[in-house]
Amino acid sequence: MTTRPRKTDYTNRAQQRLLQVVLALFADVVQGMAPTALAKAVGCSVPVILRDLDNLATAGLAERDEATGLWRLTQRLPQQSIKVFAALDTAQRRLDEARQRYTRNPG
């Protein structure tokens, strides 16, 4: 990832790690992931991951499967990807309509 020079640096390690945890959780949205696997993926300790997961659970973004102890994303974030694809489909239809207007033979 390329960083650009900034006058100020608002980067916060904890927030960056939390985003890494969210991205790591996308690896298995069905079964979920163990805190140890997440800690390894993110490069921190299990207690830190457990705090991050608790924060994600509080925000409604992650949940723990009580039967397995694995953590997974709730439907909240994956549902957002559906909105992205719907917007892309709408944009594609508009583009197709515009292309048809400009490629029609004048009557």
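Numbering (our numbering), first residue to last: 332 to 438. Don't be surprised by glycine CBs; every beta carbon is placed ideally from N, CA and C.
(1) Report the rounded CA-to-CA distance for V352 versus R432, giving the unit in angstroms.
(2) Going by DSSP, what residue range makes up the beta strand (DSSP E) through R337?
(3) What residue does the alpha helix (DSSP H) around L408 start on, and which one ends it?
(4) Of the choices N436, T434, L369, whose alpha-carbon is the least far from that of A358?
(5) State the DSSP-derived secondary structure class of A393, mapped to helix, strand or coil.
(6) Can you tell me whether DSSP reads L369 as helix, strand or coil?
(7) Between the Cα of Q410 and the Cα atoms of P336, A422, L392, L349, which residue gives the shortest distance?
(8) Which residues in the same chain as C375 place their Cβ atom closer than 7 Å to its Cβ, once the five residues preceding and following it in sequence are excluded?
(9) Determine the closest residue to A355 out of A372, A345, Q346, T342, with distance taken between C-alpha atoms.
Put simply:
(1) Counting from 1 along the sequence shown, the entry for residue 352 is found at position 21. Counting from 1 along the sequence shown, the entry for residue 432 is found at position 101. Going from the Cα of V352 to the Cα of R432 covers about 46 Å.
(2) Indexing the sequence shown from 1 puts residue 337 at position 6. Segment: none, R337 is in no beta strand (DSSP E) and carries neither H nor E.
(3) As a first step, residue 408 must be located in the sequence shown, where it is residue number 77. Unbroken alpha helix (DSSP H) run through L408: 407 to 434.
(4) On the sequence shown, position 27 is the one that residue 358 refers to. Looking from the CA of A358, the closest CA among N436, T434, L369 belongs to L369.
(5) To locate residue 393, count along the sequence shown from 1; it is residue 62. Per DSSP, reduced to three states, the secondary structure at A393 is strand.
(6) For the purposes of this step, residue 369 is taken as residue 38 along the sequence shown, with counting starting at 1. L369 falls in the helix class under three-state DSSP.
(7) Within the sequence shown, the letter at position 79 stands for residue 410. The alpha carbon of Q410 has as its nearest neighbour, out of P336, A422, L392, L349, the alpha carbon of L392.
(8) Numbered from its first residue, the sequence shown carries residue 375 at position 44. So the qualifying residues of the chain are R348.
(9) Here residue 355 is taken as the residue at index 24 of the sequence shown, counted from 1. The candidate whose alpha carbon is nearest that of A355 is A372.
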